[in-house]
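Participant:
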Amino acid sequence: LGWLGKLKPAASSSYCVSAGKAGDQVMQNPQALAALQDRLDSITHSPCVMDSLPPPVRRRVKALKNLQVKSAHVEAKFYEEVHELERKYASLYQPLFDKRKAIVTGAVEPTDEECEWQSDHEDEELADELQNKASIEEKKEAETEGAAPENPKGIPEFWLTIFRSVDMLSDMLQEHDEPILRHLQDIKVIFSGPGEPMSFTLEFHFEPNNYFKNTVLTKVYKMKSEPDFEEPFSFEGPEIISCEGCEIDWHKGKDVTFKTIKKKQKHKGRGIIRTVTKQVPADSFFNFFNPIKVSPDSELDEDSELTLTTDFEIGHFFRERIVPRAVLYFTGEALEDDDSVCEYFLQQWSFCNEGFINFF
1289 LGWLGKLKPA ASSSYCVSAG KAGDQVMQNP QALAALQDRL DSITHSPCVM DSLPPPVRRR
1349 VKALKNLQVK SAHVEAKFYE EVHELERKYA SLYQPLFDKR KAIVTGAVEP TDEECEWQSD
1409 HEDEELADEL QNKASIEEKK EAETEGAAPE NPKGIPEFWL TIFRSVDMLS DMLQEHDEPI
1469 LRHLQDIKVI FSGPGEPMSF TLEFHFEPNN YFKNTVLTKV YKMKSEPDFE EPFSFEGPEI
1529 ISCEGCEIDW HKGKDVTFKT IKKKQKHKGR GIIRTVTKQV PADSFFNFFN PIKVSPDSEL
1589 DEDSELTLTT DFEIGHFFRE RIVPRAVLYF TGEALEDDDS VCEYFLQQWS FCNEGFINFF
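Below is the structure:
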């Protein structure tokens, strides 16, 4: 996951979330499970190296472990400086992202020079255009008043298309979310300032709409870059430790995170049946802005831990992939790259006639 390869509370996930399907395939294969179990048994039952060493050598190994802890602290400083470098370069990227927003929303029309792009399939596309030119002209003549405009403003449904295309986001997306996300104009990543605790904020910018009054919805991810005192060797870089959403100021009757249900109740004494209405939580992408609240001293149950880990994973994916490469997710090219990574993980879990490929 880029420079920041660790997520809390669970261990780091793969670069491509879909790569988890590879593990599922292994778990469903009896031969794979048997080979994996044999490998784990051999690791579990093998004698500890330290126990086989003479006391003077064990003493020296302990010294090496102390050096390893110091190395982890140096690495933590390295990642702190990487964060500062990211913050510095964010200001250089931002004008490009601002131009992207202007083109997407139709505030700016790109010049002919800016639109020059030689695609791999351009020759094919040009041939198709020439071949279909006559039929296109005929269609234009036959267009009705209700037909979609030939030259709509900007790039309609730019971000919504990305949400639909990326599995991680489409899983969160509900049908009632889509009309709202059509008003999404931009997503920004804002890094914490100099001297501030390490964090980043996702900003979702919306045009005025009939659903809520906010023009910007935010999600803050707080991070730390220091080895754990009890498990210093587990340090692999900065980790997300908590997140905070924001309150959405919904217009009356427009809150898609709740739904109204009707329930029939029978009066115990009179036996009269009445219908009551009740507001209950509903699935929605906009629950993303109301994450689980965790106190430092509390322990999460398994479901809550999974929910929070997924939240961290999504926030990181927005930061590392979606925002920097939005146009490639819109066209689907970035999805092909992600699929290639998934194929790599599948290969690592594959089997050959000689048995299980050692992936550990």
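Heads up: the sequence shown begins at 1289 in this note's numbering, then just goes up one per residue.
Every residue, glycine too, gets a C-beta built ideally from N, C-alpha and C.
(1) Would you give the residue range spanned by the alpha helix (DSSP H) that PRO1383 belongs to?
(2) Quick check on PRO1526: does DSSP put it in helix, strand or coil?
(3) Could you check how far apart the C-beta atoms of GLY1525 and TYR1367 are, in whole angstroms? I think they sit under 8 Å.
(4) Specify, as a first and last residue, the run of the alpha helix (DSSP H) that PHE1600 falls within.
(5) According to DSSP, is TRP1538 helix, strand or coil?
(6) Give me, in chain order, the residues of the same chain whose beta-carbon lies closer than 6 Å to that of LYS1441; leave out the 5 immediate sequence neighbours on both sides.
(7) In this structure, how does DSSP classify SER1513 when only helix, strand and coil are distinguished?
(8) Mark MET1511 as exposed unless 16 or more other C-beta atoms lie within 10 angstroms of its C-beta, in which case mark it buried.
(9) Do you know how far the Cα of THR1545 is from the Cα of LEU1448?
(10) Considering only C-alpha positions, which residue in the set SER1480, GLN1356, LEU1616, MET1338 is nearest to TYR1377?
(11) Does LEU1505 come out as helix, strand or coil in the three-state DSSP assignment?
(12) Is it buried or exposed for ILE1561, if we count other Cβ within 10 angstroms and need 16 for buried?
(13) Within 10 Å of its beta-carbon, does TYR1381 have 16 or more other beta-carbons around it, so buried, or fewer, so exposed?
(14) Who pairs with CYS1531 in a beta bridge, going by DSSP?
(15) Taking the alpha helix (DSSP H) that LEU1616 belongs to, which residues open and close that run?
(16) In whole angstroms, what separates the C-alpha of LYS1542 from that of PRO1520?
(17) Using the Cβ count rule (16 or more neighbours within 10 Å means buried), how would you classify GLU1527?
(18) Since LEU1469 is in the alpha helix (DSSP H), which residue starts that stretch and which ends it?
(19) Thinking PHE1606 and LEU1472 are a contact (beta carbons under 8 Å), I'd like their distance in whole angstroms, please.
(20) Helix, strand or coil for ASP1571, going by three-state DSSP, please let me know.
(21) Cutting at 7 Å between CB atoms, please list the residues of its own chain near SER1649, excluding the five before and the five after it.
(22) Which residues bound the alpha helix (DSSP H) around PHE1446?
(23) In whole angstroms, what separates the C-alpha of ARG1346 from that of ASP1474?
(24) Taking only heavy atoms of the ligand COA into account, decide whether any of them is closer than 6 Å to the Cβ of VAL1477.
(25) Excluding the 5 residues flanking LEU1461 on each side, which residues of the same chain have their C-beta closer than 6 Å to its C-beta?
(26) Give the range of the beta strand (DSSP E) segment to which ASP1474 is assigned.
(27) Which of helix, strand or coil does DSSP assign to GLU1519?
(28) From LYS1365 to CYS1403, what does the alpha carbon distance come to, in whole angstroms?
(29) Looking only at DSSP bridge pairs, what is GLU1491 linked to?
(30) If you count every other CB in all the chains shown that lies within 10 Å of the CB of VAL1337, and 16 or more means buried, which is it?
(31) Any idea if ARG1609 is buried or exposed, counting beta-carbon neighbours within 10 angstroms, 16 or more meaning buried?
(32) Pick from ILE1580, ILE1443, PHE1600: whose alpha carbon is nearest that of ILE1391?
(33) In whole angstroms, what separates the C-alpha of PHE1600 from that of ASP1465?
(34) Could you spell out where the beta strand (DSSP E) holding GLU1546 opens and where it closes?
(35) Check whether the Cβ atoms of LYS1552 and THR1563 lie closer than 7 Å to each other.
Facilitator: Per the coordinate set shown:
(1) Looking up residue 1383 in the sequence shown gives position 95. That run of the alpha helix (DSSP H) goes 1343–1393.
(2) Here residue 1526 corresponds to residue number 238 of the sequence shown, with the count starting at 1. Here PRO1526 sits in coil by DSSP.
(3) Your numbering for residue 1525 matches position 237 in the sequence shown. Your numbering for residue 1367 matches position 79 in the sequence shown. Indeed, because the Cβ distance is near 5 Å, the residues count as touching under 8 Å.
(4) Along the sequence shown, one-based indexing puts residue 1600 at 312. From DSSP, the alpha helix (DSSP H) with PHE1600 extends over 1590–1605.
(5) For this step, residue 1538 is matched to residue 250 along the sequence shown. The answer is strand: DSSP assigns TRP1538 an E or B state.
(6) Translated into positions along the sequence shown, residue 1441 becomes position 153. Around LYS1441: GLY1394.
(7) Here the question's residue 1513 lines up with position 225 in the sequence shown. Reduced to three states, the DSSP call for SER1513 is coil.
(8) Start at 1 with the first residue of the sequence shown, and residue 1511 comes out as number 223. Per the 10 Å Cβ criterion, buried.
(9) For the purposes of this step, residue 1448 is identified with residue 160 of the sequence shown, where counting begins at 1. For the purposes of this step, residue 1545 is identified with residue 257 of the sequence shown, where counting begins at 1. Computed Cα separation, rounded: 18 Å.
(10) Reading the sequence shown from its first residue, position 89 is the one you call residue 1377. Measuring from the Cα of TYR1377, the nearest candidate turns out to be SER1480.
(11) As a working note, residue 1505 is residue 217 in the sequence shown. Three-state DSSP puts LEU1505 in a strand.
(12) Sequence index remark: in the sequence shown, residue 1561 carries index 273 (1-based). Exposed: under 16 other Cβ atoms inside 10 Å.
(13) Translated into the one-based positions of the sequence shown, residue 1381 becomes position 93. By the neighbour-count rule (16 or more Cβ atoms within 10 Å), TYR1381 is not buried but exposed.
(14) Working through the sequence shown from its first residue, we reach residue 1531 at position 243. Bridge partners of CYS1531: TYR1509.
(15) Indexing the sequence shown from 1 puts residue 1616 at position 328. That run of the alpha helix (DSSP H) goes 1614–1619.
(16) Start at 1 with the first residue of the sequence shown, and residue 1542 comes out as number 254. Start at 1 with the first residue of the sequence shown, and residue 1520 comes out as number 232. Each residue's alpha carbon lies about 48 Å from the other.
(17) Along the sequence shown, read from residue 1 onward, the residue named residue 1527 stands at position 239. GLU1527 is buried by the Cβ-count criterion.
(18) The residue labelled residue 1469 in the question sits at position 181 within the sequence shown. From DSSP, the alpha helix (DSSP H) with LEU1469 extends over 1466–1469.
(19) Residue numbering aside, residue 1606 sits at position 318 when the sequence shown is read from its first letter. Residue numbering aside, residue 1472 sits at position 184 when the sequence shown is read from its first letter. PHE1606 to LEU1472, Cβ: 12 Å. No contact.
(20) As a first step, residue 1571 must be located in the sequence shown, where it is residue number 283. If DSSP states are grouped into helix, strand and coil, ASP1571 belongs with coil.
(21) This structure cannot settle anything about residue 1649, because the visible part of the chain is limited to 1289 through 1648.
(22) Mapped onto the sequence shown, residue 1446 falls at position 158. Counting along the chain, the alpha helix (DSSP H) containing PHE1446 begins and ends at 1446–1453.
(23) Position 58 of the sequence shown, counting from 1, holds the residue named residue 1346. Position 186 of the sequence shown, counting from 1, holds the residue named residue 1474. Looking at the two C-alpha atoms, the distance is approximately 57 Å.
(24) What this structure holds is no ligand at all, so the ligand COA is not there to describe.
(25) Your numbering for residue 1461 matches position 173 in the sequence shown. Closer than 6 Å at Cβ, skipping near neighbours: PHE1451, PHE1573.
(26) Looking up residue 1474 in the sequence shown gives position 186. Run containing ASP1474: 1472–1479, per the beta strand (DSSP E) assignment.
(27) Along the sequence shown, one-based indexing puts residue 1519 at 231. Note: GLU1519 maps to coil in three-state DSSP.
(28) Walking along the sequence shown from the start, residue 1365 turns up at place 77. Walking along the sequence shown from the start, residue 1403 turns up at place 115. If I take the Cα positions, the gap works out to 43 Å.
(29) The residue labelled residue 1491 in the question sits at position 203 within the sequence shown. Bridge partners of GLU1491: LYS1476, THR1506.
(30) Numbered from 1 along the sequence shown, position 49 holds the residue referred to as residue 1337. Classification of VAL1337: exposed, given that the 10 Å Cβ count is below 16.
(31) Within the sequence shown, numbered from 1, the residue matching residue 1609 stands at position 321. ARG1609 is buried by the Cβ-count criterion.
(32) Numbered from its first residue, the sequence shown carries residue 1391 at position 103. For the residues ILE1580, ILE1443, PHE1600, the minimum Cα distance to ILE1391 belongs to ILE1443.
(33) Stepping through the sequence shown from its first residue, residue 1600 is reached at position 312. Stepping through the sequence shown from its first residue, residue 1465 is reached at position 177. So the two alpha carbons sit approximately 21 Å from each other.
(34) The sequence position of residue 1546 within the sequence shown is 258, counting from 1. Checking the displayed sequence, the identity of residue 1546 turns out to be Phe instead of Glu. Run containing PHE1546: 1546–1554, per the beta strand (DSSP E) assignment.
(35) Counting from one through the sequence shown, the residue named residue 1552 turns up at place 264. Counting from one through the sequence shown, the residue named residue 1563 turns up at place 275. Yes, they are a contact pair.
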